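Chemist: First to last, the sequence lines map onto chains A and B. Mapped onto my numbering, the consecutive letters of the first sequence carry residue numbers 1 to 406. Mapped onto my numbering, the consecutive letters of the second sequence carry residue numbers 407 to 535. Idealized CB from N, CA, C, for every residue including glycine. Here the structure is a predicted model, which means the values were calculated and not measured.
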Amino acid sequence: MNTEKIKKDFPILKRKINGKPLAFLDNAATTQKPFQVINAITDFYENHNANVHRGKYVLSEEASQLFENARKIIGELVGVTPAETIFTRNTTESLNVLAFSLAQQKVLQKDDTVLLSHMEHHANLVPWIQLKEKIGIKLGFVPLKKNSELDLEQLDVLLQKKPKIVSITHCSNVLGTINPIKEIARKVHDANALLIVDAAQSVPRLPVNFKKLEADFLAFSAHKMLGPTGIGCLIGKKELLESLPPFLTGGEMIETVSWEKATWNELPWKFEAGTQNIAGAIGWKVAADYLQKIGLETVHHFEQKIGKKAFDALSAIKEVGLYGPTPSKKCALFSFNLKGVHPHDVATVLDSEGIAVRSGNHCAQPLLRELGADNSVRASLYIYNTEAEVERLVNAIEKTKKVFKV
Amino acid sequence: MKPFGEENELFSEIILHLYKEPLNYGKPDSFSLEAKGGNPVCGDKVHLFIQLDGNKIKSAYFTGQGCAISTAAASVLTGLVKGKTVSQVLALKPEAVFKELGGVIQTRIKCATLALFTLQKSLRAFQEK
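1. Does the distance from the C-beta atom of His342(A) to that of Cys473(B) stay below 8 Å?
2. In chain B, what lies closer than 7 Å to Asp26(A) by C-beta?
3. Quick check on Phe417(B) - is its C-beta less than 8 Å from some C-beta in chain A?
4. Where does Pro540(B) land, buried or exposed, given buried means 16+ other C-beta within 10 angstroms?
5. Do Ala356(A) and Phe87(A) have their CB atoms nearer than 8 Å?
6. Measuring CB to CB, does Gly444(B) end up less than 8 Å from Lys451(B)?
7. Do you know whose CA, among Leu322(A), Asn337(A), Phe302(A) and Ala288(A), lies nearest Lys33(A)'s CA?
8. Say whether chain A places a C-beta atom closer than 8 Å to the C-beta of Pro409(B).
9. Do Ile74(A) and Lys285(A) come within 8 Å of each other at the CB atom, strictly closer than that value?
10. Classify Arg378(A) as helix, strand or coil using the three-state DSSP reduction.
11. List, in chain order, every chain D residue whose beta-carbon is nearer than 8 Å to that of Val492(B).
12. Can you tell me which residues form a DSSP beta bridge with Asp450(B)?
13. Spatial neighbours of Trp128(A) within its chain, please: C-beta separation below 8 Å, excluding the five flanking residues on both sides.
14. For Ile17(A), tell me which candidate among Gly360(A), Glu353(A) and Ala364(A) has the shortest Cα-Cα distance.
15. Helix, strand or coil for Ala425(B) per DSSP?
16. Closest Cβ-Cβ distance between Ser352(A) and chain B: below 8 Å?
17. Return the CA-CA distance between Thr524(B) and Met225(A), expressed in angstroms with no decimal places.
18. Give me whichever residues DSSP pairs with Val257(A) in a beta bridge.
19. Kindly say whether Ile515(B), judged by its beta-carbon, lies nearer than 8 Å to any beta-carbon of chain A.
20. State the DSSP-derived secondary structure class of Glu272(A), mapped to helix, strand or coil.
21. By the DSSP assignment, the alpha helix (DSSP H) with Phe543(B) in it spans what residues?
22. Name the one or two DSSP bridge partners that Gly321(A) has.
23. Would Leu59(A) be called buried (16 or more neighbouring beta carbons within 10 Å of its own) or exposed?
24. Kindly indicate which residue of Ala479(B), Gly460(B) and Leu458(B) has the alpha-carbon position closest to the one of Lys426(B).
25. Return helix, strand or coil for Arg15(A), following the three-state DSSP convention.
26. Would you kindly check if the distance between the Cβ of Thr484(B) and the Cβ of Ala466(B) is under 8 Å?
27. Going by C-alpha to C-alpha distance, which of Ala497(B), Lys516(B) and Ala502(B) sits closest to Cys448(B)?
28. Beta-carbon separation of Ile294(A) and Met1(A) under 8 Å?
29. For Tyr467(B), report the span of its alpha helix (DSSP H) as first-last.
30. Does Gln457(B) come out as helix, strand or coil in the three-state DSSP assignment?
31. From Glu260(A), Leu240(A) and Trp264(A), pick the residue whose C-alpha is nearest to that of Thr249(A); which is it?
32. Using the beta-carbon of each residue, which ones in chain B are nearer than 9 Å to Asn361(A)?
33. Starting from Leu422(B), find everything on chain A with Cβ-Cβ shorter than 9 Å and list it in chain order.
34. Use the C-beta contact count for Asn375(A): other C-beta atoms within 10 angstroms, 16 or more gives buried, fewer gives exposed.
35. May I ask you to list the residues that DSSP assigns as paired with Ala356(A)?
36. Applying the criterion that 16 or more other CB atoms from any shown protein chain within 10 Å of the CB defines a buried residue, is Lys330(A) buried or exposed?
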């Protein structure tokens, strides 16, 4: 894998910020887009734009084929069929759709338990809080061990209470921890519960096969894996998706409509009401091709290698407090605090050096509180980041220490 | 006054100093009104305590957790409003705070205005009562 060559595919990485070359280290929030993805979106609007599955004319036919081919490629990326690949706006919407459909179908009812973990993003917490308030479900949480991994012994204990649903992140956006989903899936299924996996951070950087993971549902977004914003998907076992009612209704998702009654289209269209993000799907397909060409196993190895370097370099700064597990158990994502300096102020000094990092609570307020911090700085790396950029990060932290006289 | 510090100056000496040694920090024993505000995206929180003497602000204190800029801004604001009438405080422009801070960089305007906007919102509600 040639990072310097990959870098050249990303027009934005030629930019200078505050006179310095951009080092984009906020990839857990969103990734940059290669020109191949940008061109595919432009090409669609310039040459093939029409609504899909509607018109009996050439353009509509072309748009439909491009859109459905995109679905096929995204599905193949995680080893499922197009019928099991439902387009949504993003991971958050996928999880909301799922939570509310499960409640509507009465899979979840009053006093049923949904088991989450202490490392969930708000996207995999707030929809369930909503169901708690609306229909009276109960929430349970798998705690973390001191080493920032999930406490699987506690999972066993919590599963004895017979939750209906377990919904857990594959890879934490705050700690970087990669959870052993397959092992969790077996435990969950032994307890006759369903497993939902938030794969927003894992699909971009690990080989993820839905069937091998043995999950029941999986959600992820395009924009965290080189694709455009505004499109994501919900993957589910076919028989489960068939049993669930649609959450949104309207165009495309219907089979027949009379004044008083409507029947639903087949999967996957049943869940896709209204005109979809067609250009987004086409751009996403090219992003998936781009990652497949590199190979997700290769991406994972790359992150392990650069992640170890970053971990060692950051650990060597004695004023830096790092959160998360040892590098071999995580992706190349580092949340930390610099003693005596607020994360926003760290981010401002880093920005002055052209380094873009996230500061704040990372949409995981309860987890940050568990860690005893309201905020942290987060540097998250991806395929176009270099060891030289890790060095620049370290130097910029040293500069921050000087500015704040730490 | 532009909302920028000197070129290449990310944090003025005033900001760095007031971050380490904030003024008017702490909860007073008595106060006429309090104002709570925060920025949910970043987690900054500010809690202001105002003692009124008629229509004038006799004293102002604050507590909270925040970055260097929001902490320093709360410090200068609590100083600025002392002796002013409620209407004068409502007419205060963010630039007055930026000036006292010795300049604020563009990307951090939100931090610098948190205390001011929190106080103005609560004074407006107080006036309408």
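Modeler: Once the coordinates are examined:
1. yes
2. Per Cβ cutoff of 7 Å: no residues; Asp26(A) is ~14 Å from chain B at best.
3. Yes, contact with chain A.
4. In the structure as shown, chain B begins at 407 and stops at 535. Residue 540(B) is therefore absent and cannot be evaluated.
5. no
6. With contacts defined as CB atoms closer than 8 Å, Gly444(B) and Lys451(B) qualify as a contacting pair.
7. When each option's Cα is compared against that of Lys33(A), the closest is Ala288(A).
8. Low local confidence applies: a pLDDT of 44 at Pro409(B) is under 50, so the model's placement there is unreliable, and no value is given.
9. yes
10. strand
11. Looking for chain D here will not work: the only protein chains present are A and B.
12. Asn445(B), per the DSSP bridge assignment.
13. Ala99, Val114, Leu116, Ile137, Leu139 and Ser167
14. Selected option, being the one with the closest Cα: Glu353(A).
15. The residue you asked about is not Ala; residue 425(B) is Tyr in the sequence shown. In this structure, Tyr425(B) counts as helix in the three-state DSSP scheme.
16. yes
17. Spanning the alpha carbons of Thr524(B) and Met225(A) requires a straight line of approximately 39 Å.
18. Ala262(A)
19. Judged by the 8 Å Cβ criterion, Ile515(B) is not in contact with chain A.
20. Glu272(A) falls in the coil class under three-state DSSP.
21. One cannot answer for residue 543(B) here, as it falls past the ends of chain B, which runs 407 to 535.
22. Asn337(A)
23. exposed
24. Ala479(B)
25. coil
26. yes
27. Lys516(B)
28. yes
29. Looking at the DSSP string, Tyr467(B) is not in any alpha helix (DSSP H); the run it does join, the beta strand (DSSP E), is Lys462 to Gln471.
30. strand
31. Trp264(A)
32. Pro446, Val447, Cys448 and Gly449
33. Val403, Phe404 and Lys405
34. buried
35. Phe24(A), per the DSSP bridge assignment.
36. buried
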